[in-house]
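Everything below concerns the one structure shown next.
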Amino acid sequence: MPLNSIKVNSAFGKRIHPITHFADFHRGIDLHARNEPVFSFLTGKVSGVGFNPILGKFIRIDHSGLESIYGHLSIILVRKGEEVRSGEVIAVTGSTGRVTGEHLHFSLRIGGVYIDPVNFILRYYKVAKINQINFMENSAYLTLRQKLELLAMVEEVELNQDEAWVYGIGFADTEEEQDG
Numbered sequence: 450m451p452l453n454s455i456k457v458n459s460a461f462g463k464r465i466h467p468i469t470h471f472a473d474f475h476r477g478i479d480l481h482a483r484n485e486p487v488f489s490f491l492t493g494k495v496s497g498v499g500f501n502p503i504l505g506k507f508i509r510i511d512h513s514g515l516e517s518i519y520g521h522l523s524i525i526l527v528r529k530g531e532e533v534r535s536g537e538v539i540a541v542t543g544s545t546g547r548v549t550g551e552h553l554h555f556s557l558r559i560g561g562v563y564i565d566p567v568n569f570i571l572r573y574y575k576v577a578k579i580n581q582i583n584f585m586e587n588s589a590y591l592t593l594r595q596k597l598e599l600l601a602m603v604e605e606v607e608l609n610q611d612e613a614w615v616y617g618i619g620f621a622d623t624e625e626e627q628d629g
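Here the working numbering is used: the first residue of the sequence shown is 450, the next is one more, and so on.
As structure tokens, this is what we get:
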């Protein structure tokens, strides 16, 4: 989880931008935060830190092909090239860049395609809870199932009904379904 608690102020997808008042596509979620620690969502390598006029102070972390982006930070605690573990404090929330108030902008992308972080947070959080109950380390390595779900979100994999059943995924693309 990027924060201790998750309260979405602005969702992923189409919206009217609160500053420009134009329709745009929000490529992440804005999370309610007030001077709070920001945690690395998964284990990975810091691929970028810096300042952007829109995101303000930001961090990008590569998690073996999945990239997390954290924006509007007040303090950055990591450097480019640094390895971080899931749950490690990487920053403090702020109000840098183009904002109406303090919050954390959190984005996920795979293969350059932005995906809705809420869906992935819900899936990942469930796995993290199970790991804690079983006294296992919250290793943050993606399971095959999670990787397949991410690929399916960006339509880079197609599964038939048998494959979907084997991997426990709730979708399948078959010619019969497409014709029906």
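Every residue gets a Cβ at the ideal spot worked out from N, C-alpha and C, and that includes glycine.
Cα-Cα separation, PHE584 to LEU526:
Confidence at PHE584 is low in this model, with a pLDDT of 31, below 50, so the placement of that residue is unreliable and no value is reported for it.
So is PRO566 buried or exposed if we call it buried at 16+ other beta carbons inside 10 Å?
Counting of Cβ neighbours within 10 angstroms places PRO566 among the buried residues, the total reaching 16 or more.
Cutoff 8 angstroms; reference GLY497; Cβ partners in own chain excluding five residues on either side
Excluding residues up to 5 positions away in sequence, PHE507, ILE508, ARG509 and LYS529 lie with their Cβ nearer than 8 angstroms to the Cβ of GLY497 in the same chain.
Ignore the nearest five residues each way along the sequence and tell me which others in GLY514's own chain have a CB closer than 8 angstroms to its CB.
Excluding positions up to five away in sequence, the list reads ILE559 and GLY560.
If you check the beta carbons only, do LEU553 and LEU480 fall under 9 angstroms apart?
A contact, by the Cβ cut-off of 9 angstroms.
LEU504 in three-state terms, based on DSSP:
Here LEU504 sits in coil by DSSP.
For GLU485 and SER454, the rounded distance between their alpha carbons:
Whole-angstrom Cα-Cα distance: 10 angstroms.
LEU515, enclosing beta strand (DSSP E) - first and last residue:
In this chain, the beta strand (DSSP E) harbouring LEU515 covers 515-525.
Tell me which residues share the same chain as GLY477 and place their Cβ nearer than 8 angstroms to its Cβ, disregarding the 5 neighbours each side in the sequence.
Short of 8 angstroms from the beta carbon of GLY477, and not among the five residues preceding or following it, lie these beta carbons of its own chain, in chain order: PHE461, ILE518, GLY520, HIS554, PHE555, SER556, LEU557, TYR563 and PRO566.
For the beta strand (DSSP E) that contains VAL548, what are its first and last residues?
In the DSSP annotation of this structure, VAL548 is not part of any beta strand (DSSP E), being labelled neither H nor E.
Name the two residues that bound the continuous beta strand (DSSP E) containing HIS470.
Run containing HIS470: none; DSSP gives neither H nor E here.
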